[in-house]
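Take a look at the structure set out below.
Protein chains: 2
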Amino acid sequence: MSTQPSETTATLDNPARRLLLKGSAGVLAAYGLMHLVPTSRADTLETLPDYVSWKRQQDLILHGSETIETRRDAIRSGVITPSRTLFVRNNLPAPDPAITEDPDAWEISIEGVGNPRTLSLGELKRMQVTSVASVLQCSGNGRAFFPHGASGTQWSVGAAGCVVWTGVPLKAVIDELGGSADGARYITATGGETIPEGLEPKDIMVERSIPTEALESALLAWEMNDEPLDRAHGGPLRLVVPGYYGVNNVKYVRQLAMTEEQTDAKIQVSGYRVRDVGVSGSSDQPSMWEMNVKSWVTLPLDTTHEGRNLIYGVAFGGTKAIDKVEVSVDGGESWQEAEIIGPDLGPYAWRPFVLATELSSGEHRIVSRATDMDGNSQPRERTDNERGYGHNGWEDHGVSVNVG
Amino acid sequence: MSTQPSETTATLDNPARRLLLKGSAGVLAAYGLMHLVPTSRADTLETLPDYVSWKRQQDLILHGSETIETRRDAIRSGVITPSRTLFVRNNLPAPDPAITEDPDAWEISIEGVGNPRTLSLGELKRMQVTSVASVLQCSGNGRAFFPHGASGTQWSVGAAGCVVWTGVPLKAVIDELGGSADGARYITATGGETIPEGLEPKDIMVERSIPTEALESALLAWEMNDEPLDRAHGGPLRLVVPGYYGVNNVKYVRQLAMTEEQTDAKIQVSGYRVRDVGVSGSSDQPSMWEMNVKSWVTLPLDTTHEGRNLIYGVAFGGTKAIDKVEVSVDGGESWQEAEIIGPDLGPYAWRPFVLATELSSGEHRIVSRATDMDGNSQPRERTDNERGYGHNGWEDHGVSVNVG
């Protein structure tokens, strides 16, 4: 993770909240950006917004128009998360539907390479194609479990899913254009969201930098789950960085540059930085790049029958494959190794697991603990941090189930 | 394949056609069974029937209300066929929607085991669970390429898809009930379709027998693509036999028996039997069980640009994994090995392949030829047979593409 010095110092973490404090609530409201204010509950919804009306509402929890969570029990032992069930989290409102009407005409400029140029999606499709299954997870997945009340959407476990991406390997694009410029240490991608007037672009734009080592696995994707990529998920073109937190998978990507430094956009400089509670974000703090090892039980949740039960869940290791998953039905006193089931879709995919066990009547605290191929196991405790990022503590992720 | 002697002799291949000749067209029409008459075009449709209105029509070709094909170019390099894009083929009209309203209450009787009994789907779900990716393909996929005009739906390549099934391994169920009865050589499964009055049940019921060796891989599935199994695809419960033709994957399965003999239902005795053109079906002919090795190009189809092109397709080997795929852009004169891409979902799944190649202007005949891990390759020629089953000849499956 990055420890390079801060280039910009922000006094308040969230640009929208800062604008609100400056008296710019009208601007935010006019552009439908009230949801960017972390404490806002203004847009609590009862039905799916139009742009995701094709999703299956019974599988989803509507936090806001741009923050929609997958219900824990909708995953079961799911290998691939159906598109209709997948969570949604947009940093800015989804673009106009026109954005995906002629996908092949979408353009992306590639900079910081031997021969910089603009490529259409149609041209990218002629270069190469591959498919990768990977977990897409919001940095704040598990935020609801932090007792300090971390600001932002109160995700439980459902700001995550495992999907198949199809597109061109980023490395093939860079190689085709003469390779990375000398000294490049980051891949910097810029989203195609519309920046509302009245807001400082650098405060609000989605532009993220990730280490160049991600070139080995990243792709520019135009399909998700073997369907043209919907605008709700970044269509027509999205940077996909397998094993990295969601924010790095830049949607509607319109520029990709190999850069010496990280971008000075606020979302990179002070956003998505892990720091102690009460501390402001800055670029000397770890950035939310690779995901850590994590798992959770998906079934049973509240109640179940006495006797034989199958305990279901999913486990993943970010950029590392899963080695094993253990399950405890007594809150972590004793553990049994679960069976990992279904096809292995590669190191970036999650693995469903199942444990068959007998449950006696009464209350059981069911928890799971995954270990990746490098031997990293989920810790028992969370690491408290201001924004509630990267929670993989097994204790908080357990479920209390009434048996009988 | 079976060569056991015929137990029943049918003079006409199709029970519906026979009824029609007997003057029972009124019965068929009243029950919406006119599509069972192979030559009928009575139910040519312009929009999706209600029971599959959730599918994506632009990906589909509507042959009839129970025969809906996936368009060749809707597959591209698809790893998993989206449920909305998957073909439909029902031997009888889809049951009432009520059939999937309380899936866990669905019952299946298990016979021919140590302790025969009826199990609810809810009970099955507590036994074990696994997921398997497999190709689902109609026996008549490719029928349109037979020059003798084989009766039945004129499928091109789209009566096939690759999906993920989730359910209980059949072997676990059989073991739990005391194991197979002595002398069992077949797994015989009975579908839950409603048999219209006025028709002889044995003539019309979907009851299929497959060799017991399929016990190692078969499952009783309640999910497809990680969603509850829809009635269009056999929900609430379907027998899935990975690597076997679609008809053996009995829908709405209500009975499963380990038997010494194959069922005497017509669909087994004389249906789905491979025989010379003009010959009636009988049980001494090979039954449509394991699928053979097959592939086809999905893109480009009619036209493409000069210069660099990516040629896409899919390949599978039935019960055997794919070893390699070769592609020719000159009708089979010369071949290049294609790249197999995307995650490997196991031996029963198909593998997307891609060949990057330069195409000169003019007409190109693009063909593909797959080889499985046992060294079986697709033949050049089709094997002509009365009902147009099991076509895997590479020549007929090619596409003529105009370049320039």
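These protein sequences, in sequence, are chains R and L. So the first sequence is numbered by UniProt numbering: it starts at 1 and just counts up by one. So the second sequence is numbered by UniProt numbering: it starts at 1 and just counts up by one. All C-beta atoms in this analysis are idealised placements derived from N, C-alpha and C, irrespective of residue type, glycine included.
Buried or exposed for residue i, going by 16 or more other Cβ atoms inside 10 Å?
i                        : result
glycine 313 (chain L)    : buried
glycine 157 (chain L)    : It is worth fixing the name first, because residue 157 (chain L) is valine in this sequence and not glycine. Buried.
asparagine 392 (chain L) : buried
alanine 105 (chain L)    : exposed
proline 169 (chain R)    : buried
glycine 235 (chain L)    : buried
valine 401 (chain R)     : buried
residue 436 (chain L)    : Outside the displayed range of chain L (1 to 404) lies residue 436 (chain L), so it cannot be described from this structure.
threonine 47 (chain L)   : exposed
serine 209 (chain L)     : buried
alanine 16 (chain R)     : Here alanine 16 (chain R) scores only 48 on pLDDT, less than 50, and its place in the model should not be relied on; the value that follows carries that caveat. Alanine 16 (chain R) comes out buried.
glycine 281 (chain L)    : buried
methionine 373 (chain R) : exposed
leucine 136 (chain R)    : buried
arginine 41 (chain R)    : At arginine 41 (chain R), the pLDDT of 43 sits below 50, so the modelled position is not reliable; the number obtained from the coordinates is stated separately. With fewer than 16 other Cβ atoms within 10 Å, it is exposed.
Measuring only between beta-carbons, confirm whether residue i sits less than 8 Å from chain A.
i                     : result
proline 343 (chain R) : Within the model displayed, chain A is absent; protein chains R and L are what it includes.
Quick check: the Cα distance between residue i and residue j, rounded to an integer number of angstroms?
i                           : j                        : result
serine 83 (chain L)         : alanine 181 (chain R)    : 44 Å
leucine 21 (chain L)        : glycine 198 (chain L)    : Annotation note: pLDDT 48 at leucine 21 (chain L) (below 50); position unreliable, coordinate value reported separately. Approximately 15 Å, taken between the alpha carbons.
asparagine 376 (chain R)    : alanine 315 (chain R)    : 13 Å
glutamine 262 (chain R)     : valine 279 (chain R)     : 21 Å
glutamate 363 (chain L)     : histidine 305 (chain L)  : 11 Å
arginine 56 (chain R)       : glycine 167 (chain L)    : 22 Å
glycine 307 (chain R)       : glycine 122 (chain R)    : 57 Å
cysteine 138 (chain R)      : aspartate 396 (chain L)  : 48 Å
alanine 221 (chain R)       : proline 343 (chain L)    : 15 Å
leucine 60 (chain R)        : proline 49 (chain R)     : 12 Å
proline 95 (chain R)        : valine 206 (chain R)     : 13 Å
residue 405 (chain L)       : alanine 98 (chain R)     : Nothing in the structure corresponds to residue 405 (chain L), since chain L is present only between 1 and 404.
glycine 112 (chain R)       : arginine 126 (chain R)   : 22 Å
threonine 259 (chain R)     : alanine 189 (chain R)    : 10 Å
tyrosine 252 (chain L)      : arginine 365 (chain L)   : 42 Å
leucine 78 (chain R)        : threonine 85 (chain R)   : Before going on, a small fix: residue 78 (chain R) reads as glycine here, not leucine. Cα-Cα distance, rounded: 11 Å.
asparagine 292 (chain R)    : alanine 349 (chain R)    : 13 Å
methionine 224 (chain R)    : isoleucine 108 (chain R) : 19 Å
valine 37 (chain R)         : tryptophan 54 (chain L)  : Any reading at valine 37 (chain R) must be qualified, since the residue scores a pLDDT of 49, below 50, and its modelled position is unreliable; no value is offered.
isoleucine 322 (chain L)    : glutamine 128 (chain L)  : 29 Å
serine 134 (chain R)        : glutamate 290 (chain R)  : 12 Å
threonine 303 (chain L)     : aspartate 264 (chain L)  : 49 Å
arginine 238 (chain R)      : asparagine 249 (chain R) : 7 Å
aspartate 43 (chain R)      : serine 270 (chain R)     : Low local confidence applies: a pLDDT of 47 at aspartate 43 (chain R) is under 50, so the model's placement there is unreliable, with the coordinate-based value given in what follows. Going from the Cα of aspartate 43 (chain R) to the Cα of serine 270 (chain R) covers about 26 Å.
isoleucine 267 (chain R)    : glycine 331 (chain L)    : 54 Å
threonine 383 (chain R)     : glycine 149 (chain R)    : 14 Å
phenylalanine 352 (chain R) : tyrosine 272 (chain L)   : It is proline, not phenylalanine, that sits at residue 352 (chain R) in the sequence shown. About 37 Å.
threonine 103 (chain R)     : leucine 62 (chain R)     : For clarity, residue 103 (chain R) is proline in the given sequence; the question names threonine instead. One C-alpha to the other measures close to 28 Å.
threonine 130 (chain R)     : valine 132 (chain L)     : 22 Å
glutamate 216 (chain R)     : lysine 171 (chain R)     : 7 Å
isoleucine 311 (chain R)    : isoleucine 110 (chain L) : 25 Å
arginine 185 (chain L)      : proline 93 (chain L)     : 30 Å
glycine 26 (chain R)        : glutamate 200 (chain R)  : Unreliable placement is indicated for glycine 26 (chain R), whose pLDDT of 49 sits below 50; no coordinate value is reported for it.
glycine 87 (chain L)        : proline 147 (chain R)    : Strictly speaking, residue 87 (chain L) in this sequence is phenylalanine, with glycine absent from that position. About 49 Å.
When DSSP builds the beta bridges, which residues end up paired with residue i?
i                           : result
methionine 224 (chain R)    : R:Trp165, R:Glu227
tryptophan 394 (chain L)    : DSSP output for tryptophan 394 (chain L) lists no bridge partner at all.
leucine 136 (chain R)       : R:Gly161
valine 52 (chain L)         : None; valine 52 (chain L) has no bridge partner.
threonine 100 (chain L)     : Answer is none; threonine 100 (chain L) lacks a bridge partner.
isoleucine 108 (chain L)    : L:Leu119
glutamine 336 (chain L)     : L:Val327
glycine 64 (chain L)        : L:Thr67
threonine 194 (chain R)     : Its beta-bridge partners do not exist; DSSP assigns none.
serine 83 (chain R)         : Paired residues: none, contrary to the question.
phenylalanine 146 (chain L) : Bridge partners of phenylalanine 146 (chain L): none, in fact.
Report the CB separation of residue i from residue j in whole angstroms; it is logged as a contact under 8 Å.
i                       : j                       : result
glutamine 336 (chain R) : leucine 355 (chain R)   : 6 Å
valine 241 (chain L)    : glutamate 386 (chain L) : No, valine 241 (chain L) and glutamate 386 (chain L) are not in contact; Cβ-Cβ is about 24 Å, not under 8 Å.
valine 52 (chain L)     : alanine 232 (chain L)   : 5 Å
isoleucine 80 (chain L) : valine 164 (chain R)    : 7 Å
Legend entry - Cβ contact (3+ pairs, closer than 8 Å) linking the region 189 to 200 of chain L and the region 294 to 314 of chain L: no
Inset, instruction - Could you tell me whether the region 323 to 331 of chain L touches the region 366 to 384 of chain L, using the rule of 3 or more Cβ pairs below 8 Å? - result: yes
Inset, instruction - Kindly confirm or deny that the region 108 to 123 of chain L and the region 131 to 145 of chain L touch, where touching means at least three C-beta pairs closer than 8 Å. - result: no
Inset, instruction - Report yes or no: do three or more beta-carbon pairs, one from the region 61 to 72 of chain L and one from the region 200 to 214 of chain L, lie closer than 8 Å? - result: no
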